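**Q** If you count by full-length UniProt numbering, then the sequence shown holds residues 1 to 396, one letter each, in order.
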Amino acid sequence: MSEFTNTKQARVEKLLEVSKLILETGNAHSFIIENKDFIPTVIPTDFITLFDEIIKQGYKMEDIKVLTNKVLNIFHVPIRDFVRVEPKPDSFLGVLEQNNHEMEVLLDKIRPFFKQFVKETDNTDLHKKLIELFTQLEVFPKHYTIKENVLFPIIEESWPDYRCLQIMWSFHDDIRRNIKAVITQLQEGNIDLKIFNKCVGDIFFNMHAIKFREERILFPCILSTISESQLEKMNREGFELGYPFIQPNLKMDKEFKPDYEGNLVNLGTGKVSIEQIKLIFNHLPVDITFVDENNKVCYFSTPPKRIFPRTTAIIGREVSKCHPPESVHVVEQIVESFRSGEKDQADFWIKMRGEYILIQYFAVRDENGNYKGVIEVSQEISGIKALEGEKRLLDW
Numbered sequence: 001m002s003e004f005t006n007t008k009q010a011r012v013e014k015l016l017e018v019s020k021l022i023l024e025t026g027n028a029h030s031f032i033i034e035n036k037d038f039i040p041t042v043i044p045t046d047f048i049t050l051f052d053e054i055i056k057q058g059y060k061m062e063d064i065k066v067l068t069n070k071v072l073n074i075f076h077v078p079i080r081d082f083v084r085v086e087p088k089p090d091s092f093l094g095v096l097e098q099n100n101h102e103m104e105v106l107l108d109k110i111r112p113f114f115k116q117f118v119k120e121t122d123n124t125d126l127h128k129k130l131i132e133l134f135t136q137l138e139v140f141p142k143h144y145t146i147k148e149n150v151l152f153p154i155i156e157e158s159w160p161d162y163r164c165l166q167i168m169w170s171f172h173d174d175i176r177r178n179i180k181a182v183i184t185q186l187q188e189g190n191i192d193l194k195i196f197n198k199c200v201g202d203i204f205f206n207m208h209a210i211k212f213r214e215e216r217i218l219f220p221c222i223l224s225t226i227s228e229s230q231l232e233k234m235n236r237e238g239f240e241l242g243y244p245f246i247q248p249n250l251k252m253d254k255e256f257k258p259d260y261e262g263n264l265v266n267l268g269t270g271k272v273s274i275e276q277i278k279l280i281f282n283h284l285p286v287d288i289t290f291v292d293e294n295n296k297v298c299y300f301s302t303p304p305k306r307i308f309p310r311t312t313a314i315i316g317r318e319v320s321k322c323h324p325p326e327s328v329h330v331v332e333q334i335v336e337s338f339r340s341g342e343k344d345q346a347d348f349w350i351k352m353r354g355e356y357i358l359i360q361y362f363a364v365r366d367e368n369g370n371y372k373g374v375i376e377v378s379q380e381i382s383g384i385k386a387l388e389g390e391k392r393l394l395d396w
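1. DSSP three-state label for residue 173, please.
2. Please report how far the alpha carbon of residue 66 lies from the alpha carbon of residue 313, in whole angstroms.
3. Give the secondary structure of residue 166 by DSSP, where H, G and I count as helix, E and B as strand, and everything else as coil.
4. Over what stretch of residues does the beta strand (DSSP E) that includes residue 332 continue unbroken?
5. What first and last residue would you give for the beta strand (DSSP E) that runs through residue 299?
6. Quick one: give me the first and last residue of the alpha helix (DSSP H) that residue 209 is part of.
7. Going by DSSP, name the residue or residues bridged to residue 292.
8. Beta-carbon within less than 6 Å of residue 78's beta-carbon, same chain only, minus the 5 sequence neighbours each way: which residues are those?
9. Would you mind giving the Cβ-Cβ distance between residue 186 and residue 127, rounded to the nearest angstrom? I have them listed as a contact below 8 Å.
10. Whole angstroms is fine: what's the gap from residue 207's alpha carbon to residue 175's?
11. Check whether the segment 117 to 131 touches the segment 149 to 162, taking contact to mean three or more Cβ pairs, one atom from each stretch, closer than 8 Å.
12. Measuring only the C-alpha atoms, how far is residue 371 from residue 324?
13. For residue 83, name the three-state secondary structure that DSSP assigns.
14. Express the C-alpha separation of residue 305 and residue 329 in angstroms, rounding to a whole number.
15. Would the segment 109 to 122 count as touching the segment 155 to 175 if we require 3 or more Cβ pairs under 8 Å?
16. From residue 337 to residue 76, what distance separates their C-alpha atoms?
17. Taking the C-alpha atoms as reference points, what is the distance between residue 308 and residue 219?
18. Kindly indicate the opening and closing residues of the beta strand (DSSP E) around residue 52.
19. Would you call residue 384 buried or exposed, if buried means 16 or more other Cβ atoms sit within 10 Å of its Cβ?
20. Would you call the segment 234 to 248 in contact with the segment 93 to 103, where contact means no fewer than 3 C-beta pairs closer than 8 Å?
21. Helix, strand or coil for residue 1? Go by DSSP, reduced to three states.
22. Classify residue 28 as helix, strand or coil using the three-state DSSP reduction.
23. Quick check: the segment 130 to 137 against the segment 280 to 289, are there 3 or more CB pairs under 8 Å?
24. Straight-line CA distance for residue 301 to residue 375?
25. State buried or exposed for residue 25, treating a residue as buried only when at least 16 other CB atoms are found within 10 Å of its CB.
26. Would you mind giving the Cβ-Cβ distance between residue 32 and residue 74, rounded to the nearest angstrom? I have them listed as a contact below 8 Å.
27. Helix, strand or coil for residue 388 per DSSP?
28. Quick one: Cα of residue 221 to Cα of residue 45, how far?
29. Going by C-alpha distance, which of 230, 310, 182, 378 is nearest residue 349?
30. Distance, Cα to Cα, residue 192 vs residue 169?
31. Short check: CB of residue 210 to CB of residue 171, under 8 Å?
32. Leaving out the 5 sequence neighbours to the left and right, which residues in its chain are closer than 8 Å to residue 55 when beta-carbon positions are compared?
33. Does DSSP classify residue 266 as helix, strand or coil?
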């Protein structure tokens, strides 16, 4: 056995060597030729540590994603052939894998229609069929939402080398964007075949790649490091958010509500109970999330229709870890401008799933002007934008 495979540290150092070679030259031909005996000796967890170290060294995310694809391609066979522990079918990871299988089945359905469409772009029936199938596929990113909001926070608490999750999250967002771009082109009938083909190709490659990385690297490591009670809790939270295709067979407990009856809080302008406060926040037609002065998520409301998914797994989490790598710098800029007193409000508006969403951030300060945190408020405003004139009479 090669001296480089005696310990995990030595293996990771060798993986860093090939990674830096790829980052500097774009290929690893010389490494592959010189290290044929090393390649079969790696194990899946080596890559969790490797990419954590790559992230810490400050490379750009786009360069890291290219590197990830190339490195995992070189070591595909030993990762694939490493014997793993199988999750139970109705467990959290088991349900995620069942949904992965359904995703692959759907991609297999899309493939022949896509190949035919490339030859017959003016075929109306193919247009309709592809819109139907990609609309079904658009549901699958719920799987990624569950990972980001339920699984990732637990890994961040449990693993010292959790930073590889940033790469996976970035790939999630690429998939979301490409599916949306494909559907938009099909619906508008304005097909740029070169762009269209690239989007579809990236969707197929990335979705298959993420599935492989979950099931051969991430999930087996989770089974050996995360407790069954935590996994069970995550399954219930995944169920609450809604898995894309396959749901676990769970009987959900009724929502726990502490009995604070008679425990009134004086808010200065009136007295209400803890339960009434909760009801008030949860009946406002907005999503509310509160981050304290230490950048920790402390609270989120649960209105009947939440725009952005949240689970209790994010409570206590660093706000910077609740956003994908490409947008986290914006959040950090907002928080720091609020903390310094330079700004008190930041507004954004986006179109999402046929809705018009207003996202606002407000600085929270005490009576002495000391920074105490930030409130994020999101609201669907299509109806508000459409208002004209006046309405003074009740019409129901």
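Note that CB positions come from ideal geometry on N, CA and C, so glycine has one too.
Since this is a predicted model, take the numbers as computed values, not measurements.
**A** Answer, in terms of the structure:
1. Sequence index remark: in the sequence shown, residue 173 carries index 173 (1-based). Residue state, collapsed to three classes: helix.
2. As a first step, residue 66 is located in the sequence shown; it is residue number 66 there, counting from the start. As a first step, residue 313 is located in the sequence shown; it is residue number 313 there, counting from the start. Rounded to the nearest angstrom, the two C-alpha atoms are 30 Å apart.
3. Here the question's residue 166 lines up with position 166 in the sequence shown. Note: residue 166 maps to helix in three-state DSSP.
4. Position 332 of the sequence shown holds residue 332. Here residue 332 belongs to no beta strand (DSSP E); instead the alpha helix (DSSP H) covers 325 to 340.
5. Sequence index remark: in the sequence shown, residue 299 carries index 299 (1-based). Run containing residue 299: 297 to 300, per the beta strand (DSSP E) assignment.
6. Within the sequence shown, residue 209 is the residue found at index 209, counting from 1. Here the alpha helix (DSSP H) through residue 209 covers 193 to 213.
7. Taking the first residue of the sequence shown as 1, we reach residue 292 at position 292. Bridge partners of residue 292: 373.
8. The residue you call residue 78 lines up with position 78 of the sequence shown. Cβ within range, chain order: 40, 42.
9. Start at 1 with the first residue of the sequence shown, and residue 186 comes out as number 186. Start at 1 with the first residue of the sequence shown, and residue 127 comes out as number 127. Confirmed, about 6 Å.
10. Within the sequence shown, numbered from 1, the residue matching residue 207 stands at position 207. Within the sequence shown, numbered from 1, the residue matching residue 175 stands at position 175. One C-alpha to the other measures close to 7 Å.
11. no
12. Here the question's residue 371 lines up with position 371 in the sequence shown. Here the question's residue 324 lines up with position 324 in the sequence shown. When the Cα atoms are used, residue 371 and residue 324 turn out to be separated by approximately 25 Å.
13. For this step, residue 83 is matched to residue 83 along the sequence shown. Three-state result, residue 83: coil.
14. As a working mapping, residue 329 is identified with position 329 in the sequence shown. As a working mapping, residue 305 is identified with position 305 in the sequence shown. In a straight line, the C-alpha of residue 329 is about 28 Å away from that of residue 305.
15. no
16. For the purposes of this step, residue 337 is taken as the residue at position 337 of the sequence shown. For the purposes of this step, residue 76 is taken as the residue at position 76 of the sequence shown. The alpha-carbon atoms of residue 337 and residue 76 are separated by roughly 45 Å.
17. The count along the sequence shown starts at 1 and reaches residue 308 at position 308. The count along the sequence shown starts at 1 and reaches residue 219 at position 219. Approximately 25 Å, taken between the alpha carbons.
18. Locating residue 52 in the sequence shown gives position 52, counting from the first residue. No beta strand (DSSP E) holds residue 52; the alpha helix (DSSP H) holding it covers 45 to 56.
19. Here the question's residue 384 lines up with position 384 in the sequence shown. Counting Cβ neighbours within 10 Å, residue 384 comes out exposed, since fewer than 16 surround it.
20. Under the Cβ criterion (8 Å, minimum of three pairs), the segment 234 to 248 counts as touching the segment 93 to 103.
21. Working through the sequence shown from its first residue, we reach residue 1 at position 1. Only weak support exists for where residue 1 lies, its pLDDT of 35 falling under 50; the value from the coordinates is given anyway. DSSP places residue 1 outside both helix and strand once states are collapsed to three, so it counts as coil.
22. Walking along the sequence shown from the start, residue 28 turns up at place 28. Here residue 28 sits in coil by DSSP.
23. no
24. Translated into the one-based positions of the sequence shown, residue 301 becomes position 301. Translated into the one-based positions of the sequence shown, residue 375 becomes position 375. The alpha-carbon separation between residue 301 and residue 375 amounts to approximately 11 Å.
25. Taking the first residue of the sequence shown as 1, we reach residue 25 at position 25. Label assigned to residue 25: exposed.
26. Along the sequence shown, read from residue 1 onward, the residue named residue 32 stands at position 32. Along the sequence shown, read from residue 1 onward, the residue named residue 74 stands at position 74. With 8 Å as the limit, residue 32 and residue 74 qualify as a contact, their Cβ atoms being about 6 Å apart.
27. Numbered from its first residue, the sequence shown carries residue 388 at position 388. Residue 388 falls in the coil class under three-state DSSP.
28. Working through the sequence shown from its first residue, we reach residue 221 at position 221. Working through the sequence shown from its first residue, we reach residue 45 at position 45. One C-alpha to the other measures close to 7 Å.
29. Position 349 of the sequence shown, counted from the first residue, corresponds to residue 349. It is 378.
30. In the sequence shown, the residue the question calls residue 192 occupies position 192. In the sequence shown, the residue the question calls residue 169 occupies position 169. Between residue 192 and residue 169, the C-alpha separation is close to 28 Å.
31. Numbered from 1 along the sequence shown, position 210 holds the residue referred to as residue 210. Numbered from 1 along the sequence shown, position 171 holds the residue referred to as residue 171. For residue 210 and residue 171, yes; Cβs fall inside 8 Å.
32. Stepping through the sequence shown from its first residue, residue 55 is reached at position 55. Result list for residue 55: 64, 163, 164, 166, 167, in chain order.
33. Working through the sequence shown from its first residue, we reach residue 266 at position 266. If DSSP states are grouped into helix, strand and coil, residue 266 belongs with the strands.
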